[in-house]
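Encoded as structure tokens, the structure appears first; notes follow it.
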Amino acid sequence: MDKRTDYSGNITAKYLDQEVTLYGWVQRVRNLGNLVFIDLRDREGVVQVVVNKDSGKELMEIADSLGSEDVIEVKGKVVKRSSVNPDMKTGEVEVDANSIEVLNKSQVPPFEIKDDVEIGEQTRLKYRYLDLRRPTLQNAIILRSKILRAIHEYFDENGFINIETPILGKSSPEGARDYLVPSRIYPGSFYALPQSPQLFKQLLMAAGFDKYYQIARCFRDEDLRGDRQPEFTQIDMEASFVDEKGIQDYTEGLLKKVMKDVMGIDLKTPIRRITWDEAMNKYGSDKPDTRYEMFLHDLSPIFKDSDFKVFSGAIADGGFVKGIAVKGGAEKYSRKHIEQKQDYIKRYHAKGLAWVKFENGEFSGPVAKFLTDENKQALIKEFDLEGGELVIMVADKWKVVTDSLDHLRREFAKETGIIPKDVYDFVWVVDWPLFEYDEGWGRWIAAHHPFTMPDDKGIELLDTDPHKAHARSYDIVMNGDELGGGSIRIHKRSIQEKMFKALGFTKKRAYEQFGYLMDALDMGFPPEAGLAIGLDRFAMMLAQKDNIRDVLAFPKNASASEPMMHAPAPVADQQLADLGIEVEDQYADSVKETEARLEKEAKEDADKNSTWDE
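Our numbering applies: residue 651 is where the sequence shown begins, and numbers increase by one.
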């Protein structure tokens, strides 16, 4: 059993006049001559320890010798503080020490262990074990643990079976790049780390496990950003004999429990549902932030006959004119600031933006001169303009317009402060297209994945006009971020074959990659549905962090490397030989440079810090 009485951060007035044993790290030491104050920290917080001259010379010397991040055991009596510190949970008491044992000394750390300190990412990750001592990160990791506990409890209470699926699987060329693992036993062949347990969980339904869940580790070799890592965790669920409402009800029950147990928030259910079309046309995004308005408005009917050719020309070419109204924006934004926004939307292939201000009943700005009286009245009515608004407009193809205005809407909302704080707004986005056109690949791809069931009309369209088909799929969105998504799964061979054909598969390719699934679909495969929620992103949002790295104990950096253990790293020639792998000449110099750098860093560390005598 634990020898400590409690955590340092839990030593409050309830322990008054009691003898306690505490363990932790020295946050700081203040020597006032006759008194030495020690701030003792552990995962629950900080308590003040006091040593006075009456405690004896030896104890005073030990206290005075302590340095930042030394690990100590403290025994003493909890007493009232002479002056209360209202900023500390333990601020009413202190521990009058009668014994201090130094369990381990610490070198001076490369940065101070506190929240409000600026640390470069590389340094943070190199000394991650120190970074994780900071309260803000410890609290985030603990919050993640609480989420996991609530998840396991919920699924167990609802009859779900926790089943692990393989980490070593087969590569599929569809979607993101796989992480490959070479096989020593089968030279030239590779396993792939799973991007999702998708097919395994479907096959578990075929096996008769009608309710499955897993906290699944997944891997994708893709470019990183703030909310992505090469390895990530999914809350994965699948159930047989349910429809959309059934799996959505289970999801809402899970979210309700997590929000209550972890955040103390009563989530109202059922969660609102909007169609994909409504999300795109009203918010410009399939993951809409529904905490505020500033909706997109279709202005094409107003400007289809306009003399302003930027608008009327785009409409004539099959495009759209859409806009948003920023309340208070007329005064807040100068012409320079507005036009800087154009750079933001070029990434979405927008050629630019148009804008007008509405103040004191008048329109001003570069586009105002092109507005007829009829246009002006139509804009006032469309946006319900009252005065002080900045109206931003984009004219282009539908996708360019919605993507651009989605970005601008989010930017203006942040800058004008209209996003409510401490609000968690969930919404279901339903009735998705079955396919979407990928500009990078230059072809149609599955909007979710190739195993998504089309709706009834969509099944018919698979034979005639598949790209107009809609899917029986659904995404759960919170505060403008996709938490997860799911769908009714295809459970018949004939429909799955049509789906593969619509995606451009040949029969040969489909059966080489997914023949085992096709066979299973003919063996009494039940109707089923599922959903996966990104645990990392969910934890990041509940912890109110800006980066997924802050809710992971040992994340990778933006270059997908890990500075502490130096991963990835070259391996021994013999290991490569065993696997039948040879590094191409064009990479040989890079490998040698990396090996030399790692060897140099290890030698410098050993020469400076090692106590090893040879």
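All C-beta atoms in this analysis are idealised placements derived from N, C-alpha and C, irrespective of residue type, glycine included.
Since the model is a prediction, treat every value here as computed from it, not as a measurement.
Own chain partners of D871 with C-beta closer than 6 Å, once the 5 adjacent residues on each side are dropped:
R827 and Y829, listed in sequence order.
For G1092, which of helix, strand or coil comes out of DSSP?
Here G1092 carries a coil assignment [DSSP, helix/strand/coil].
Three-way DSSP call (helix, strand, coil) for K986 in this model
Helix.
State the DSSP-derived secondary structure class of W675, mapped to helix, strand or coil.
DSSP places W675 within a strand segment (E or B) once states are collapsed to three.
Could you spell out the range, first to last residue, of the beta strand (DSSP E) harbouring W1005?
Unbroken beta strand (DSSP E) run through W1005: A1004 to E1009.
For a quick check, are the C-beta atoms of V728 and V745 less than 8 Å apart?
Note that the C-beta distance between V728 and V745 is below 8 Å.
Residue environment, D1235, which counts as buried when at least 16 other CB atoms sit within 10 Å
Answer is exposed; the Cβ neighbour count stays below 16.
Quick test of your reading: Q665 and R693, contact by CB under 8 Å. State the CB separation rounded to the nearest angstrom.
The residue you asked about is not Gln; residue 665 is Tyr in the sequence shown. So it is not a contact: roughly 18 Å between Cβ atoms.
Sequence-distant residues of the same chain with beta carbon closer than 7 Å to T925, five excluded per side:
If we look at T925 and ignore the five residues flanking it on each side, its Cβ neighbours are V1080 and D1081.
Keeping to the same chain, check which residues put their C-beta closer than 7 Å to that of K861; ignore five residues upstream and five downstream.
Excluding positions up to five away in sequence, the list reads G809, F810, I811 and A889.
Starting from R867, trace the beta strand (DSSP E) both ways and give me its first and last residue.
Per DSSP, R867 belongs to the beta strand (DSSP E) from K861 to F869.
Entirely within the stretch 1036-1071 and at least 3 residues each: give me those beta strand (DSSP E) ranges in chain order.
You should have 1039-1046.
How far does the beta strand (DSSP E) with E881 in it reach, from first residue to last?
E881 -> beta strand (DSSP E) spans E881 to S890.
Is V971 near A800, with beta carbons less than 8 Å apart?
No, the pair does not count as a contact, with Cβ atoms beyond the cut-off.
For I817 and E708, I'd like the C-alpha separation in whole angstroms.
Counting only the Cα atoms, E708 lies some 56 Å from I817.
Are the stretch 927-947 and the stretch 1202-1214 touching by the rule of at least three beta carbon pairs closer than 8 Å?
By the Cβ test, the stretch 927-947 is not in contact with the stretch 1202-1214, since fewer than three Cβ pairs between them sit closer than 8 Å.
For A1170, tell me which candidate among N681, R1143, G1092 and E1036 has the shortest Cα-Cα distance.
Residue R1143 is the option with its Cα nearest to A1170.
Please check the pair F1085 and W1094, which I expect to be a contact at CB under 8 Å, by giving their CB distance rounded to whole angstroms.
Right, the Cβ-Cβ distance comes to about 5 Å (below 8 Å), so this counts as a contact.
Residues bridged to H1120 [DSSP beta-bridge criterion]:
For H1120, the pairing in a beta bridge is given by DSSP as P1083.
Quick one: any contact between the stretch 1152-1163 and the stretch 1179-1199, if contact means 3 or more CB pairs under 8 Å?
Remark: fewer than three beta-carbon pairs, one from each stretch, lie closer than 8 Å, so the stretch 1152-1163 and the stretch 1179-1199 are not flagged as touching.
Classify E1147 as helix, strand or coil using the three-state DSSP reduction.
Helix at E1147.
If V724 sits next to L753, beta carbons under 8 Å apart, how far is it from one beta carbon to the other, in whole angstroms?
Contact doesn't hold; Cβ gap of about 11 Å is too wide.
What's the gap between the Cα of A975 and the Cα of L1058?
When rounded, the distance between both Cα atoms is 11 Å.
Are A601 and I1138 closer than 8 Å when you measure CB to CB?
Residue 601 is absent from the model: the chain starts at 651 and stops at 1264.
Which of the three DSSP states, helix, strand or coil, is assigned to L1021?
Shown here, L1021 sits in coil according to DSSP, grouped into three states, outside any helix or strand.
Between which two residues does the alpha helix (DSSP H) containing N931 stretch?
Its alpha helix (DSSP H) spans residues W926 to Y933.
In whole angstroms, what is the alpha-carbon distance linking D781 and P1176?
Here the alpha carbon of D781 sits roughly 49 Å from the alpha carbon of P1176.
Nearest-angstrom Cα distance between R923 and M1103?
A straight line joining the alpha-carbon of R923 with that of M1103 spans about 19 Å.
If you follow the beta strand (DSSP E) that S1014 is in, where does it begin and where does it stop?
First-last of the beta strand (DSSP E) with S1014: E1012 to S1014.
Kindly indicate which three-state DSSP category E902 falls into: helix, strand or coil?
The answer is helix: DSSP assigns E902 an H, G or I state.
By the three-class DSSP mapping on this structure, what secondary structure does Y1074 have?
Y1074 falls in the coil class under three-state DSSP.
Meets three-Cβ-pair contact criterion under 8 Å: the stretch 1032-1041 and the stretch 989-1002:
Because the criterion of three Cβ pairs below 8 Å is not met, the stretch 1032-1041 and the stretch 989-1002 do not touch.
For P951, which three-state DSSP category applies?
DSSP places P951 in the helix class (H, G or I) of the three-state scheme.
Secondary structure of I1140, DSSP reduced to three states:
DSSP, read as helix, strand or coil, puts I1140 in coil.
Hey, would you say D1056 sits closer than 8 Å to S935, going by beta carbons?
Cβ atoms of D1056 and S935: closer than 8 Å.
Could you check what DSSP says for N1197 in three-state terms: helix, strand or coil?
Assigned with DSSP and collapsed to three states, N1197 falls in coil, not helix or strand.
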